[in-house]
Every structure is written in structure tokens, then in C-alpha cells.
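Numbering (the working numbering), first residue to last: 4 to 413.
From the three backbone atoms N, C-alpha and C, an ideal C-beta is built for every residue, glycine too.
From a predicted model like this one, the values you see are computed outputs, not experimental measurements.
Okay, here's the thing in C-alpha cells:
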């Protein structure tokens with residue numbers, strides 16, 4: 004397609020940069036602690052040193068626009084992690100197709116429990132401190148948020164590390180977002196934005212689809228809980244309720260609070276849940292002919308993007324929930340370089356306000372968009388069409404080395 008900018012993709016293993024990939028697929032999500040990737044090539048000529056990729060060695064994936072001239076293996080870092088799977092197939096005419104799939108460093112902690120902590124109990128530390136206590140996998144954690152101390156966190160023996168961490172993150176409205184260097188960032192969406200705007204009918208958009216839905220919105224949110232101490236009504240029968248006036252039908256939800264919290268904390272959780280449900284009313288999936296924004300920055304989950312769809316009166320900021328970078332070398336339909344973006348109301352990703360703009364559409368209902376919320380990101384499907392990668396990377400997803408996202412499929 005005219006105006007398309009290809010990328011030179013290098014997989015670096017053992018100090019060797021492997022290039023010439025015929026298929027590249029890299030997915031990042033604001034709700035996933037691991038970045039997932041799959042790469043495919045035909046008749047590779049790898050050195051013995053680079054063959055470590057077959058054994059699950061540490062790899063880096065870097066990309067640079069093919070219009071730039073740089074050192075082999077240079078460019079922007081996209082992922083640091085391990086190859087989980089290797090696949091090789093030999094066909095007619097001595098053709099050999101090789102594919103690898105893997106995740107960033109957090110992948111091991113998504114699969115495995117920590118075993119070295121003596122008690123599994125952490126007291127009076129914030130979420131970053133809890134993460135560091137259990138990080139025997141060498142992942143690395145950091146945050147750009149002000150975190151409060153958690154009275155007590157008990158890890159259940161045998162559960163993967165991230166089951167415990169995600170539970171506490173939800174309570175604090177925080178995201179565990181995988182980073183290109185392999186670390187995990189404890190954050191919220193909406194703090195930064197991409198240059199330029201995505202405008203219907205203009206470059207770099209190839210296709211764009213809007214979905215307005217009430218399916219995951221609720222009219223009343225009831226949060227019920229019980230304190231660990233006390234026998235009076237306020238201790239044994241806690242309940243706080245929030246109402247979303249934008250939902251005209253009676254569609255209630257009940258949440259049972261984890262842990263022992265005050266009524267104020269239950270109210271805060273109910274208010275956050277209402278905003279998260281309300282924000283789920285709008286989502287946009289767009290295919291763009293570049294991995295980068297106007298300033299040359301790779302698309303990044305959690306960043307805001309200005310979106311304009313005149314046909315549906317959409318003119319507002321949305322947050323990137325998921326981005327999949329695709330490149331298929333060849334001719335004909337399905338080849339080229341493009342990115343698939345899933346855009347959502349920032350409130351669904353922990354932001355304290357909805358996307359600003361002059362016409363958010365029917366899907367932007369509920370709440371003023373300015374409530375000060377410190378509740379938790381809930382463990383629920385709110386209707387995003389993004390891959391189910393929240394904290395899972397490739398977990399539960401069968402790798403397909405020969406099929407990549409089809410441009411225009413939105």
C-alpha cells in the first residue's frame with residue numbers, strides 16, 4: 004500500500020542478529036504482564052551460536068524503519084524474553100519453514116509459583132514491595148504511581164506468582180504492563196499520549212471499526228463484604244451501591260469483596276467498577292499502515308490517541324488497550340507491514356477520567372468522568388475484542404506460525 008513503511012526486524016540471541024523474517028507478529032497489551040511474539044522464516048541459515056533460540060535462550064527483538072540506515076541488530080527494543088516454542092517443518096523441494104514463539108521475561112512467573120519465600124506472607128509493603136519480595140524469576144518491577152502500603156498479602160502455595168500480584172493490583176486500580184526490556188511496569192493508563200491523530204479516511208488508517216455496546220454495562224453495582232473482626236451489622240453485612248444512569252434497563256451486578264475493608268473502601272470499589280463498566284460501552288479496532296505514530300514512536304499500550312470518525316460523530320481521546328505489530332514479506336493480499344490497534348475509553352484501564360473530545364458517542368455514558376477512584380481493576384471480560392492476554396501472554400493460545408493477522412480484518 005502506498006505510504007507503508009516497512010520495518011527491519013532483528014532477533015538477537017547469543018550476540019547474533021537474525022534477520023530475514025518472512026512473518027512477524029508481536030502483541031502488547033495494557034492488561035498483560037508479558038509481551039508475546041511469533042516469528043517465521045523459510046530456509047534459515049543459522050550459525051551454531053544462534054541455534055540457542057531452539058533451546059529457549061534469552062532473546063531480544065528490535066525493529067527499525069527500513070528507510071533508516073543503521074547497524075545490524077539495531078533499532079527500537081520491542082521485547083526481551085525467551086522462546087517458549089520452536090517448530091520446524093520440511094516440505095517439497097527441500098523447503099524448510101521454521102517458527103518460534105515466546106514471551107517477555109514475565110512469562111515464567113505467569114506459569115510458575117514462587118518457591119523460595121519462606122512464609123508466602125508479606126506485610127506492610129506497597130505493591131512494588133510485594134512484587135520484589137516474590138520476584139525470584141529476575142523479572143524486575145518498577146512504577147510511575149504513588150502506591151499505598153498493603154496491610155497483608157498472603158500467597159496461596161502452588162499458585163503462579165502473578166495470580167497473587169494481579170489480585171492486589173485490581174484492588175488498587177493498577178495495571179501490570181509488560182515492557183520491552185522484560186520488566187513489568189505498575190501503572191495506570193492515560194498518562195502519556197501519541198503524536199498526531201487517527202482520522203477516518205486519512206493515512207495511516209486502512210480500516211476502522213466502531214463498536215458501541217451495552218452488553219457489559221450495568222445499571223446498579225452492589226459490593227458486599229465482611230470484616231475479619233467485629234460482630235455488629237456494619238462488620239458482618241457490608242454493602243455499598245453505585246448506579247449508572249446511562250443504563251436505562253435494570254441490569255444489576257454483585258461483587259463480593261476480597262479481604263477486610265471499610266465501607267469507604269467498598270464504596271470506592273463500587274464507584275470504580277461503575278466507571279469501568281461504563282467505559283466498556285465504546286471500543287474501536289483499527290488497522291494502520293505503520294508501527295509508529297507521527298513522531299516515529301512505536302505504538303504503546305496505555306497511551307492516549309486522538310480519534311476522529313465523522314461518520315459516527317466520534318471525536319475524542321481513546322487509550323490503546325492492545326497493539327499487534329504485523330509484518331508479512333511477500334506479494335499479494337495479506338502481505339505488508341501494519342499494526343492492529345484496539346482503542347478503549349481510558350477509564351477501563353485505570354484512568355480517572357474518560358477521553359476528552361467533542362462528541363464521544365452513545366457508548367460514553369455513566370459517571371462524570373472526573374471521579375477520584377482508587378478501587379481495583381476487576382477480573383472480568385468487558386467486551387474488548389483484543390486477544391485474551393491479560394496477564395497471560397501466550398498462555399492458553401495455540402501458536403500459529405503460518406498465519407498472521409490479516410490487514411483490514413477489523
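beta-carbon residue 96 near the ligand ADP non-hydrogen atom, thresh 7 Å: By its list of ligands, the structure shown contains no ligand whatsoever, and the ligand ADP lies outside what it can speak to.
Length of the line joining the Cα atoms of residue 205 and residue 281: Taking the first residue of the chain shown as position 1, residue 205 is located at position 202. Taking the first residue of the chain shown as position 1, residue 281 is located at position 278. Residue 281 has its alpha-carbon roughly 29 Å from the corresponding atom of residue 205.
Exposure of residue 145, with buried meaning 16 or more beta-carbon neighbours within 10 Å: Along the chain shown, one-based indexing puts residue 145 at 142. Residue 145 comes out exposed.
Cβ neighbour criterion (16 or more within 10 Å) applied to residue 211: On the chain shown, residue 211 is found 208 positions in, with the first residue counted as 1. Around the beta carbon of residue 211, 16 or more other beta carbons sit within 10 angstroms, so the residue counts as buried.
Touching by the beta-carbon criterion (3+ pairs, under 8 Å), the region 334-353 and the region 38-52: Fewer than three Cβ pairs drawn from the region 334-353 and the region 38-52 lie within less than 8 Å of each other, which leaves the two stretches out of contact.
Three CB pairs or more closer than 8 Å across the region 165-185 and the region 76-86: Pairwise C-beta distances place the region 165-185 in contact with the region 76-86, as three or more of them are shorter than 8 Å.
DSSP state of residue 177 mapped onto helix, strand, coil: Taking the first residue of the chain shown as position 1, residue 177 is located at position 174. Of the three classes helix, strand and coil, the one that applies to residue 177 here is coil, per DSSP.
Alpha-carbon spacing of residue 278 relative to residue 181, whole angstroms: Here residue 278 refers to the residue found at position 275 of the chain shown. Here residue 181 refers to the residue found at position 178 of the chain shown. So the alpha carbons of these two residues sit roughly 24 Å apart.
Neighbourhood of residue 92 by C-beta distance below 6 Å, restricted to the same chain and skipping five residues each side: Position 89 of the chain shown, counted from the start, is the residue given in the question as residue 92. Setting aside the 5 residues that flank it on each side, residue 92 is surrounded in the same chain by 100, each with a C-beta closer than 6 Å to its C-beta; the list follows chain order.
Nearest neighbour of residue 354, chosen from 202, 168, 190 [CA to CA]: Position 351 of the chain shown holds residue 354. Comparing Cα positions, the closest option is 190.
Touching by the beta-carbon criterion (3+ pairs, under 8 Å), the region 325-332 and the region 239-253: Taking a cut-off of 8 Å on C-beta distances, the region 325-332 does not touch the region 239-253, as fewer than three cross pairs fall below it.
Beta carbon of residue 197 nearer than 8 Å to that of residue 296: Taking the chain shown and counting its residues from 1, the one referred to as residue 197 is at position 194. Taking the chain shown and counting its residues from 1, the one referred to as residue 296 is at position 293. Remark: C-beta atoms of residue 197 and residue 296 approach each other more closely than 8 Å.
Candidates 298, 317, 258, of which the one nearest residue 286 by Cα: Here the question's residue 286 lines up with position 283 in the chain shown. Nearest option by C-alpha distance: 317.
Proximity to residue 334 [Cα-Cα], best of 26, 288, 249: Here residue 334 refers to the residue found at position 331 when the chain shown is read from its first residue. With distances taken between Cα atoms, residue 334 lies closest to 26.
Per-residue burial, residue 293 [other beta carbons within 10 Å of its own, 16 or more giving buried]: Position 290 of the chain shown, counting from 1, holds the residue named residue 293. Buried.
Residue 351 to residue 283 span [Cα, whole Å]: Counted from its first residue, the chain shown places residue 351 at position 348. Counted from its first residue, the chain shown places residue 283 at position 280. Residue 351 and residue 283: Cα-Cα distance of roughly 6 Å.
Neighbourhood of residue 245 by C-beta, 6 Å cutoff - its chain only, sequence neighbours within 5 removed: Translated into positions along the chain shown, residue 245 becomes position 242. Within the same chain, Cβ atoms closer than 6 Å to the Cβ of residue 245 are found at 224, 273, 274, 277, the five residues on either side in sequence being excluded.
The beta strand (DSSP E) enclosing residue 294, as first and last residue numbers: Against the chain shown, residue 294 aligns to sequence position 291. Per DSSP, residue 294 lies in no beta strand (DSSP E) and is assigned neither H nor E.
Residues near residue 3 in its chain [Cβ-Cβ closer than 7 Å; skip 5 each side]: There is simply no residue 3 to check, as the chain begins at 4 and stops at 413 in what is shown.
Own chain residues within Cβ distance below 8 Å of residue 45, not counting five before or after: As a position in the chain shown, residue 45 is number 42, starting the count at 1. Taking residue 45 as the centre and dropping the five residues before and after it, the same chain places the C-beta of 25, 98, 99, 100, 101 closer than 8 Å to its C-beta, in chain order.
Sequence-distant residues of its chain with Cβ nearer than 6 Å to residue 11 (five each side left out): Locating residue 11 in the chain shown gives position 8, counting from the first residue. Hits under 6 Å: 67, 69.
First through last residue of the beta strand (DSSP E) which encompasses residue 198: Along the chain shown, one-based indexing puts residue 198 at 195. Counted as a single uninterrupted DSSP element, the beta strand (DSSP E) harbouring residue 198 occupies residues 196-202.
Nearest to residue 320 (by Cα), restricted to the options 126, 348, 36: Indexing the chain shown from 1 puts residue 320 at position 317. Out of 126, 348, 36, the CA that lies nearest to the CA of residue 320 is found in 348.
Proximity winner among 130, 220, 28, relative to residue 104 (alpha-carbon distances): As a first step, residue 104 must be located in the chain shown, where it is residue number 101. Among 130, 220, 28, the Cα nearest to that of residue 104 is on 28.
Buried versus exposed, by CB contacts within 10 Å (16 or more), residue 32: Numbered from its first residue, the chain shown carries residue 32 at position 29. Residue 32 should be labelled buried.
Euclidean distance between Cα positions of residue 55 and residue 21: By 1-based counting over the chain shown, the position of residue 55 is 52. By 1-based counting over the chain shown, the position of residue 21 is 18. Cα to Cα, the separation comes out at about 12 Å.
Limits of the unbroken alpha helix (DSSP H) element including residue 127: As a working note, residue 127 is residue 124 in the chain shown. No alpha helix (DSSP H) contains residue 127, which is instead part of the beta strand (DSSP E) from 124-128.
Those residues which DSSP pairs with residue 153 across a bridge: Within the chain shown, the letter at position 150 stands for residue 153. Residue 153 is bridged by DSSP to 128.
Residue 291 versus residue 217: straight-line alpha-carbon distance, rounded: Taking the first residue of the chain shown as position 1, residue 291 is located at position 288. Taking the first residue of the chain shown as position 1, residue 217 is located at position 214. C-alpha separation (whole angstroms): 27 Å.
Which of helix, strand or coil DSSP assigns to residue 14: Mapped onto the chain shown, residue 14 falls at position 11. Under the three-state reduction of DSSP output, residue 14 falls in the strand class.
Distance, residue 315 Cα to residue 249 Cα: In the chain shown, counting from the first residue as 1, residue 249 sits at position 246. In the chain shown, counting from the first residue as 1, residue 315 sits at position 312. Their backbone Cα atoms lie some 19 Å apart in a straight line.
Own chain partners of residue 165 with C-beta closer than 8 Å, once the 5 adjacent residues on each side are dropped: The residue you call residue 165 lines up with position 162 of the chain shown. Result list for residue 165: 36, 109, 112, 113, 179, 394, in chain order.
Contact under 8 Å by Cβ, residue 137 with residue 160: The count along the chain shown starts at 1 and reaches residue 137 at position 134. The count along the chain shown starts at 1 and reaches residue 160 at position 157. Not in contact: residue 137 and residue 160 (Cβ atoms no closer than 8 Å).
Boundaries of the beta strand (DSSP E) in which residue 282 is found, first to last residue: Mapped onto the chain shown, residue 282 falls at position 279. Run containing residue 282: none in the beta strand (DSSP E); it sits in the alpha helix (DSSP H), 266-282.
Identity of the residue in 157, 124, 107 nearest residue 3 by Cα: Nothing about residue 3 can be read from this structure; the chain reaches only from 4 to 413.
Cβ pair residue 301, residue 193 closer than 8 Å: Here residue 301 is taken as the residue at index 298 of the chain shown, counted from 1. Here residue 193 is taken as the residue at index 190 of the chain shown, counted from 1. The answer is no: Cβ separation not under 8 Å.
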